[in-house]
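Numbering (the numbering used here), first residue to last: 22 to 153.
1) Look at the alpha carbon of residue 62 and the alpha carbon of residue 112, and state the distance between them as a whole number of angstroms.
2) Considering just the uninterrupted stretch of the alpha helix (DSSP H) at residue 81, what are its terminal residues?
3) What do you reckon, are the CB atoms on residue 43 and residue 152 nearer than 8 Å?
4) Quick check on residue 116: does DSSP put it in helix, strand or coil?
5) Would you mind reading off the limits of the beta strand (DSSP E) that contains residue 54?
6) Considering only their Cβ atoms, is the gap separating residue 103 from residue 67 smaller than 8 Å?
7) Which one of 40, 41 and 33 has the shortest CA to CA distance from residue 50?
8) In terms of residue numbering, what span does the beta strand (DSSP E) encompassing residue 64 cover?
9) Just confirm the distance between the C-beta atoms of residue 84 and residue 31, as a whole number of angstroms; I'd bet it's less than 8 Å.
10) CB-CB under 8 Å to residue 108, same chain, minus the five flanking residues each way: which ones, in chain order?
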(Lines of atoms letter the chains of each structure in order from A and count residues from 1; the text may use other names and numbers.)
(Lines give C-alpha, C1' and ligand atoms only; values in the text may rest on other atoms or scores of the structure.)
Protein backbone atom coordinates (compact mmCIF):
# COMPACT_ATOMS: atom_id res chain seq x y z
CA UNK A 1 0.00 0.00 0.00
CA UNK A 2 1.22 3.49 -0.73
CA UNK A 3 1.28 6.24 1.86
CA UNK A 4 -1.24 8.22 -0.20
CA UNK A 5 -3.73 5.35 -0.03
CA UNK A 6 -3.16 5.16 3.74
CA UNK A 7 -3.68 8.91 4.22
CA UNK A 8 -7.25 8.39 5.37
CA UNK A 9 -5.84 6.92 8.59
CA UNK A 10 -4.64 10.32 9.76
CA UNK A 11 -7.31 12.62 8.36
CA UNK A 12 -8.92 15.16 10.68
CA UNK A 13 -11.82 14.04 12.74
CA UNK A 14 -12.56 11.60 15.47
CA UNK A 15 -11.54 8.00 15.24
CA UNK A 16 -12.17 5.17 17.67
CA UNK A 17 -9.82 2.54 19.03
CA UNK A 18 -10.63 -1.15 18.95
CA UNK A 19 -12.14 -0.74 22.42
CA UNK A 20 -14.24 2.30 21.45
CA UNK A 21 -12.13 5.14 22.88
CA UNK A 22 -12.07 8.37 20.86
CA UNK A 23 -9.03 10.29 19.55
CA UNK A 24 -8.08 12.51 16.59
CA UNK A 25 -5.20 11.05 14.54
CA UNK A 26 -4.44 14.37 12.83
CA UNK A 27 -3.37 15.96 16.15
CA UNK A 28 0.23 15.85 17.35
CA UNK A 29 -0.95 14.95 20.85
CA UNK A 30 -3.37 12.09 21.34
CA UNK A 31 -4.89 11.75 24.78
CA UNK A 32 -6.93 8.58 24.89
CA UNK A 33 -9.01 8.13 28.00
CA UNK A 34 -9.93 4.57 28.68
CA UNK A 35 -9.15 1.39 30.55
CA UNK A 36 -8.98 3.23 33.85
CA UNK A 37 -6.64 6.08 32.90
CA UNK A 38 -5.62 8.45 30.17
CA UNK A 39 -2.76 7.62 27.84
CA UNK A 40 -0.65 10.20 26.02
CA UNK A 41 0.82 9.84 22.55
CA UNK A 42 2.97 12.92 21.80
CA UNK A 43 4.54 13.30 18.39
CA UNK A 44 6.28 16.66 18.85
CA UNK A 45 9.36 14.96 20.29
CA UNK A 46 9.56 12.66 17.25
CA UNK A 47 9.56 15.71 14.98
CA UNK A 48 12.92 16.74 16.47
CA UNK A 49 14.72 13.89 14.70
CA UNK A 50 12.32 12.44 12.11
CA UNK A 51 11.05 13.92 8.88
CA UNK A 52 7.39 14.92 8.77
CA UNK A 53 6.75 12.10 6.31
CA UNK A 54 8.17 9.49 8.70
CA UNK A 55 6.24 10.91 11.67
CA UNK A 56 3.05 10.57 9.62
CA UNK A 57 4.00 6.98 8.78
CA UNK A 58 4.58 6.23 12.47
CA UNK A 59 1.17 7.73 13.23
CA UNK A 60 -0.40 5.44 10.63
CA UNK A 61 1.31 2.46 12.26
CA UNK A 62 -0.04 3.49 15.65
CA UNK A 63 -3.55 4.00 14.24
CA UNK A 64 -3.41 0.45 12.89
CA UNK A 65 -2.18 -0.73 16.31
CA UNK A 66 -5.09 1.06 18.00
CA UNK A 67 -7.49 -0.52 15.50
CA UNK A 68 -6.26 -4.04 16.25
CA UNK A 69 -4.82 -4.00 19.77
CA UNK A 70 -5.63 -2.71 23.23
CA UNK A 71 -4.75 0.93 23.95
CA UNK A 72 -2.14 -0.14 26.52
CA UNK A 73 -0.38 -2.35 23.95
CA UNK A 74 -0.38 0.43 21.35
CA UNK A 75 1.07 2.76 23.98
CA UNK A 76 3.89 0.26 24.58
CA UNK A 77 4.58 0.33 20.84
CA UNK A 78 4.71 4.15 21.03
CA UNK A 79 6.91 4.26 24.16
CA UNK A 80 9.42 1.68 22.97
CA UNK A 81 9.63 3.30 19.54
CA UNK A 82 10.28 6.64 21.23
CA UNK A 83 13.02 5.05 23.35
CA UNK A 84 14.53 3.60 20.16
CA UNK A 85 14.51 7.07 18.57
CA UNK A 86 16.16 8.66 21.59
CA UNK A 87 18.92 6.06 21.62
CA UNK A 88 19.60 5.77 17.91
CA UNK A 89 18.77 9.16 16.40
CA UNK A 90 19.19 11.69 19.21
CA UNK A 91 21.87 13.69 17.38
CA UNK A 92 20.24 13.59 13.97
CA UNK A 93 17.50 15.55 12.30
CA UNK A 94 15.18 14.78 9.39
CA UNK A 95 15.72 11.03 9.46
CA UNK A 96 13.48 9.68 6.70
CA UNK A 97 13.80 5.91 7.18
CA UNK A 98 14.40 3.35 9.91
CA UNK A 99 17.13 0.87 9.04
CA UNK A 100 17.35 -2.76 10.07
CA UNK A 101 20.95 -2.20 11.15
CA UNK A 102 19.87 0.48 13.62
CA UNK A 103 17.27 -1.89 15.06
CA UNK A 104 19.84 -4.70 15.39
CA UNK A 105 22.28 -2.32 17.12
CA UNK A 106 19.54 -1.18 19.49
CA UNK A 107 18.60 -4.76 20.41
CA UNK A 108 22.17 -5.37 21.55
CA UNK A 109 21.87 -2.81 24.33
CA UNK A 110 18.20 -2.86 25.32
CA UNK A 111 16.08 -5.13 27.47
CA UNK A 112 14.58 -8.15 25.67
CA UNK A 113 11.02 -6.89 26.28
CA UNK A 114 11.88 -3.66 24.43
CA UNK A 115 13.21 -5.46 21.37
CA UNK A 116 10.26 -7.89 21.23
CA UNK A 117 7.63 -5.14 21.45
CA UNK A 118 9.54 -2.81 19.12
CA UNK A 119 9.95 -5.63 16.60
CA UNK A 120 6.17 -6.12 16.56
CA UNK A 121 5.60 -2.42 15.87
CA UNK A 122 8.28 -2.25 13.17
CA UNK A 123 6.68 -5.33 11.58
CA UNK A 124 3.36 -3.44 11.44
CA UNK A 125 5.12 -0.56 9.67
CA UNK A 126 6.89 -2.96 7.31
CA UNK A 127 3.66 -4.81 6.43
CA UNK A 128 2.11 -1.47 5.52
CA UNK A 129 5.15 -0.53 3.41
CA UNK A 130 6.08 2.29 5.79
CA UNK A 131 9.11 3.39 7.75
CA UNK A 132 11.80 3.01 5.12
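Where is the CB? At the ideal position from N, CA and C, for every residue including glycine. Note that this is a predicted model, so its numbers are computed, not measured.
Here's the rundown:
1) Cα to Cα, the separation comes out at about 22 Å.
2) Here the alpha helix (DSSP H) through residue 81 covers 73 to 89.
3) Taking 8 Å as the Cβ cut-off, residue 43 and residue 152 do not qualify as a contacting pair.
4) Of the three classes helix, strand and coil, the one that applies to residue 116 here is strand, per DSSP.
5) Unbroken beta strand (DSSP E) run through residue 54: 50 to 55.
6) Yes, the Cβ-Cβ distance between residue 67 and residue 103 is below 8 Å.
7) Distances from the alpha-carbon of residue 50 to those of 40, 41 and 33 put 33 closest.
8) DSSP places residue 64 outside any beta strand (DSSP E), giving it a letter other than H or E.
9) Between residue 84 and residue 31 a beta carbon distance of about 7 Å is seen, short of the 8 Å cut, so the two are scored as contacting.
10) Sequence-distant partners of residue 108 (beyond 5 residues in either direction) whose C-beta falls short of 8 Å from its own C-beta, in its chain, are 127, 130 and 131.
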